[in-house]
Amino acid sequence: MAERTGLKKGLTNYGDLEFSLFLRKAFIKGAGYTDEALDRPIIGIANTGSGFNPCHGNMPQLIEAVKRGVMLAGGIPIEFPTISIHESFSHPTSMFLRNLMSMDTEELIRAQPMDSVVLIGGCDKTVPAQLMGAASAGIPAIQLVTGSMLTGSHRGTRVGACTDCRRYWGHYRADEIDATEIADVNNQLVASVGTCSVMGTASTMACLGEALGIMLPGGASAPAVTADRTRIAEQTGTRAVAMIAAGMTPDRILTAQAFENALRVLLAIGGSTNGIIHLTAIAGRMGIRIDLDQVDVMSAETPVLVDLKPSGEHYMEDLHKAGGLTTVLRELRPLLHLDALTITGRTLGEELDAAPPPFSQNVVRSLSQPIYPRGGIAVLRGNLAPSGAIIKQSAAAPELMVHEGRAVVFENTQDMAERIDLPDLDVHADDVLVLKQIGPIGAPGMPEAGYIPIPKKLARQGVKDMVRISDGRMSGTAAGTIVVHVSPESACGGPLGLVRTGDRIELDVPERSISLLVEQAELEARARQLTSPEPDPTLRGYRKLYLESVLQADQGCDFDFLLPTEFTDSVPRSKPSST
Ligand code: FES
Numbered sequence: 038m039a040e041r042t043g044l045k046k047g048l049t050n051y052g053d054l055e056f057s058l059f060l061r062k063a064f065i066k067g068a069g070y071t072d073e074a075l076d077r078p079i080i081g082i083a084n085t086g087s088g089f090n091p092c093h094g095n096m097p098q099l100i101e102a103v104k105r106g107v108m109l110a111g112g113i114p115i116e117f118p119t120i121s122i123h124e125s126f127s128h129p130t131s132m133f134l135r136n137l138m139s140m141d142t143e144e145l146i147r148a149q150p151m152d153s154v155v156l157i158g159g160c161d162k163t164v165p166a167q168l169m170g171a172a173s174a175g176i177p178a179i180q181l182v183t184g185s186m187l188t189g190s191h192r193g194t195r196v197g198a199c200t201d202c203r204r205y206w207g208h209y210r211a212d213e214i215d216a217t218e219i220a221d222v223n224n225q226l227v228a229s230v231g232t233c234s235v236m237g238t239a240s241t242m243a244c245l246g247e248a249l250g251i252m253l254p255g256g257a258s259a260p261a262v263t264a265d266r267t268r269i270a271e272q273t274g275t276r277a278v279a280m281i282a283a284g285m286t287p288d289r290i291l292t293a294q295a296f297e298n299a300l301r302v303l304l305a306i307g308g309s310t311n312g313i314i315h316l317t318a319i320a321g322r323m324g325i326r327i328d329l330d331q332v333d334v335m336s337a338e339t340p341v342l343v344d345l346k347p348s349g350e351h352y353m354e355d356l357h358k359a360g361g362l363t364t365v366l367r368e369l370r371p372l373l374h375l376d377a378l379t380i381t382g383r384t385l386g387e388e389l390d391a392a393p394p395p396f397s398q399n400v401v402r403s404l405s406q407p408i409y410p411r412g413g414i415a416v417l418r419g420n421l422a423p424s425g426a427i428i429k430q431s432a433a434a435p436e437l438m439v440h441e442g443r444a445v446v447f448e449n450t451q452d453m454a455e456r457i458d459l460p461d462l463d464v465h466a467d468d469v470l471v472l473k474q475i476g477p478i479g480a481p482g483m484p485e486a487g488y489i490p491i492p493k494k495l496a497r498q499g500v501k502d503m504v505r506i507s508d509g510r511m512s513g514t515a516a517g518t519i520v521v522h523v524s525p526e527s528a529c530g531g532p533l534g535l536v537r538t539g540d541r542i543e544l545d546v547p548e549r550s551i552s553l554l555v556e557q558a559e560l561e562a563r564a565r566q567l568t569s570p571e572p573d574p575t576l577r578g579y580r581k582l583y584l585e586s587v588l589q590a591d592q593g594c595d596f597d598f599l600l601p602t603e604f605t606d607s608v609p610r611s612k613p614s615s616t
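When you line the sequence shown up against our numbering, it's residues 38 to 616, in that order.
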């Protein structure tokens, strides 16, 4: 039987397919559609607009433009709502909800009759959730992002969310600015709708979407409120129609080569550490394993080229004016798989050949004059992190990259909140702050609490950075010598749970090691003293599903039952196949 398309796809089961179609048509005609319209290819548009998500505040304009593009190409656009997640409006964390959004996206793509789908995301977890869902659903899919917010100005200084949020909050905690000024800053940090204006997780995932080839070239960088962003939306709608005839399904785009390209870009843009987790999760849905040790090999040969906060100085709108991700990809060309197919139907190399010529700009450096000589992210291993840990070395203090110090341990976020600002806290600038119980299971939801604040008594002495270690995450907008994603996490028996205040910890980023300088016999004795928490009889619903199914950070924090039965590929160690 010929494959059903358009309105005939995925009919509701009443035991009579023709009746199911008859009924479906009757209902949609209630919305005023004609038979002529309904005979066209259907392009679903995943609408993640929400009053609780200002990062998606331009959703109505984008949907209108996508629809225009779809109709210009002869398709019929039908939008549908999915879960929307904003970083600051998600309890306990947005990461806790990412997999729920991916399941929602996957099941609605599968359940509703559409021949291709436009995914409109933006805020940190939304793009990975949509790509994970679309990868599993398997129909032609194209990513569109809402775009970055504009920058604001505070007393003559340019500011933007959220590197400057943390910087000014640090000044406030150190009594360097007063309550009036911090309130003034609060009005200026987010100057428009759109995603955070630095190379945080949202900007990182936008760049990775383009690098993966599942977004139109040039689609990552245009700010939310620009004509460029609206034009990209229209072009995305047009392309979503053409992708149907071309059979442009995610398995043709999201290949091991594409993930290797995306990892190169992640390293070269000084991207968010969250990008590693999300790429691992999206690749996992395609049966592709990302090996952290391989990422580290790539990091050694991929310098940071993009001068954006938090690793550098500029903002996303500056990257757009500098030619967007194309400028980065052009520089990275010798390190990329140029024969990777993109959703345009052309390869990455063909797209770069067709791109506008380079011009003089000061945001993207050349390979020979990078902003940082190695990749932004380094992978650490050692007895404190047997399954790995991550540090954003490009945003860390150079003088702390090799450091041994005394551990000052906080058992969980509540313990930290209660004690970190106590005047009599026994802490010194060369200590190592350790925070437990903020991993995928521990908190739960792996909060971005890895950016442990500098204790107030030290902040007031002018201390700006310390070595900080946790099994949680940190915001892509944050900077500092911060070791995150320690795996396995403390809540499921990881060695981080054995650290006690007074232990010595050694961080050696050049050697890629993180070590707890305590005898193995002592650690084994401590492990025997640990008791497992009592099962919670009130556990129910999504929280129960999450706690019983979530994987560790090095496995992408996906749910175990959402992965395919086996991995069939991995990010290759081979050199690029064409240059
Ligand atoms: Fe949405 Fe930063 S809070 S992108």
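Just so you know, even glycine gets a beta-carbon here, dropped at the ideal spot from N, CA and C.
Checklist entry - Taking the continuous beta strand (DSSP E) assigned at residue 440, which residues delimit it? => result Unbroken beta strand (DSSP E) run through residue 440: 439-447.
Item to check | residue 288 versus 241, 377, 429 and 235, residue with shortest Cα-Cα distance | outcome: Of the listed residues, the one whose Cα sits closest to residue 288 is 377.
Item to check | Integer-rounded CB distance, given that residue 418 should sit under 8 Å from residue 550 | outcome: About 7 Å separates the two Cβ atoms, so the contact holds.
Item to check | As assigned by DSSP and simplified to three states, the class of residue 325 | outcome: Three-state DSSP puts residue 325 in a strand.
Checklist entry - Can you tell me whether DSSP reads residue 42 as helix, strand or coil? => result The answer is coil: DSSP assigns residue 42 none of H, G, I, E or B.
Checklist entry - Among all residues, which have a Cβ less than 5 Å from at least one non-hydrogen atom of ligand 1, and in what chain order do they fall? => result Here the residues come out as 92, 124, 160, 232, 233 and 239.
Checklist entry - What did DSSP end up calling residue 399 once you bin it into helix, strand or coil? => result Of the three classes helix, strand and coil, the one that applies to residue 399 here is coil, per DSSP.
Checklist entry - Can you tell me whether residue 131 is buried or exposed, with buried defined as 16 or more other CB within 10 angstroms of its CB? => result Within a 10 Å sphere around the beta-carbon of residue 131 sit 16 or more other beta-carbons, which makes this residue buried.
Checklist entry - Which class does residue 209 belong to by DSSP, given the choice of helix, strand or coil? => result Here residue 209 sits in helix by DSSP.
Item to check | Exposure of residue 608, with buried meaning 16 or more beta-carbon neighbours within 10 Å | outcome: Around the beta carbon of residue 608, 16 or more other beta carbons lie within 10 angstroms, which makes this residue buried.
Checklist entry - Does the count of Cβ pairs from the segment 466-476 and the segment 504-511 closer than 8 Å reach three? => result With three or more CB-CB distances shorter than 8 Å, the segment 466-476 counts as touching the segment 504-511.
Item to check | Buried versus exposed call for residue 216 [16 or more other C-beta atoms within 10 Å across all chains shown] | outcome: So residue 216 counts as exposed.
Checklist entry - Where do the ends of the alpha helix (DSSP H) carrying residue 298 lie? => result Segment 293-305, the alpha helix (DSSP H) holding residue 298.
Checklist entry - Would the beta-carbon of residue 36 fall within 8 Å of that of residue 446? => result Nothing can be reported for residue 36, as the shown portion of the chain is limited to 38 through 616.
Next on the checklist: I'd like the span of the alpha helix (DSSP H) that includes residue 62, first residue to last.
Outcome noted: It spans 54-66 - the alpha helix (DSSP H) in which residue 62 sits, taken as one unbroken run.
Next on the checklist: Between the alpha carbons of residue 51 and residue 430, how many angstroms are there, rounded?
Outcome noted: Computed Cα separation, rounded: 58 Å.
Next on the checklist: Quick check on the burial criterion: 16 or more other C-beta atoms within 10 angstroms. Buried or exposed for residue 595?
Outcome noted: By the 10 Å Cβ count, residue 595 comes out buried.
Checklist entry - Excluding sequence positions up to five away, which residues of its chain have a Cβ less than 8 Å from the Cβ of residue 89? => result So the list reads 121, 123 and 126, once near-sequence residues are dropped.
Item to check | Where residue 355 falls, given that 16 or more other Cβ within 10 Å makes a residue buried | outcome: Taking all protein chains in view, the Cβ of residue 355 is crowded by 16 or more other Cβ atoms within 10 Å, so the residue is classified as buried.
Item to check | Meets three-Cβ-pair contact criterion under 8 Å: the segment 233-240 and the segment 149-169 | outcome: Taking 8 Å as the limit for Cβ pairs, the verdict is that the segment 149-169 does touch the segment 233-240.
Item to check | Own chain residues within Cβ distance below 8 Å of residue 352, not counting five before or after | outcome: Non-local beta-carbon contacts of residue 352 in its own chain, meaning distances under 8 Å to residues more than five positions away in sequence, involve 185, 188, 195, 197, 234, 235, 345 and 346 in chain order.
Item to check | Of the residues 202, 254, 204 and 266, the one placed nearest residue 231, counting alpha carbons only | outcome: Across the set 202, 254, 204 and 266, the C-alpha of 266 shows the shortest separation from the C-alpha of residue 231.
Checklist entry - Per DSSP, which one or two residues make a beta bridge with residue 117? => result Looking at the DSSP assignment, residue 117 forms a beta bridge with 83.
Item to check | Element boundaries [alpha helix (DSSP H), containing residue 282] | outcome: Counting along the chain, the alpha helix (DSSP H) containing residue 282 begins and ends at 264-282.
Next on the checklist: With DSSP as the reference, identify every bridge partner of residue 545, one or two as the case may be.
Outcome noted: DSSP output for residue 545 lists 439 and 550 as bridge partner(s).
Next on the checklist: Rounding to the nearest angstrom, what Cα-Cα distance links residue 222 and residue 210 in this structure?
Outcome noted: If you take the alpha carbons of residue 222 and residue 210, they lie about 14 Å apart.
Checklist entry - If residue 269 sits next to residue 256, beta carbons under 8 Å apart, how far is it from one beta carbon to the other, in whole angstroms? => result Between residue 269 and residue 256, the beta carbon gap of about 5 Å places them in contact (Cβ cut-off 8 Å).
Item to check | Whole alpha helix (DSSP H) elements within the segment 549-604, 4-residue minimum | outcome: The segment 549-604 contains these whole alpha helix (DSSP H) runs: 557-566 and 578-586.
Checklist entry - If you count every other CB in all the chains shown that lies within 10 Å of the CB of residue 54, and 16 or more means buried, which is it? => result An exposed status is given to residue 54, since fewer than 16 other beta-carbon atoms sit within 10 Å of its beta-carbon.
Checklist entry - Which runs of the beta strand (DSSP E) spanning at least 3 residues fall entirely within the segment 155-198, listed in chain order? => result Runs found: 178-182, 189-191 and 194-196.
Next on the checklist: For a quick check, are the C-beta atoms of residue 242 and residue 307 less than 8 Å apart?
Outcome noted: Judged by their CB atoms, residue 242 and residue 307 are not nearer to each other than the 8 Å cut-off.
Next on the checklist: Taking the beta strand (DSSP E) that residue 497 belongs to, which residues open and close that run?
Outcome noted: Run containing residue 497: none; DSSP gives neither H nor E here.
Next on the checklist: Please report the straight-line C-alpha distance between residue 206 and residue 490, rounded to a whole angstrom.
Outcome noted: When only Cα atoms are considered, residue 206 and residue 490 end up about 10 Å apart.
Checklist entry - What do you reckon, are the CB atoms on residue 159 and residue 142 nearer than 8 Å? => result Not in contact: residue 159 and residue 142 (Cβ atoms no closer than 8 Å).
Checklist entry - Distance, Cα to Cα, residue 260 vs residue 173? => result Approximately 29 Å, taken between the alpha carbons.
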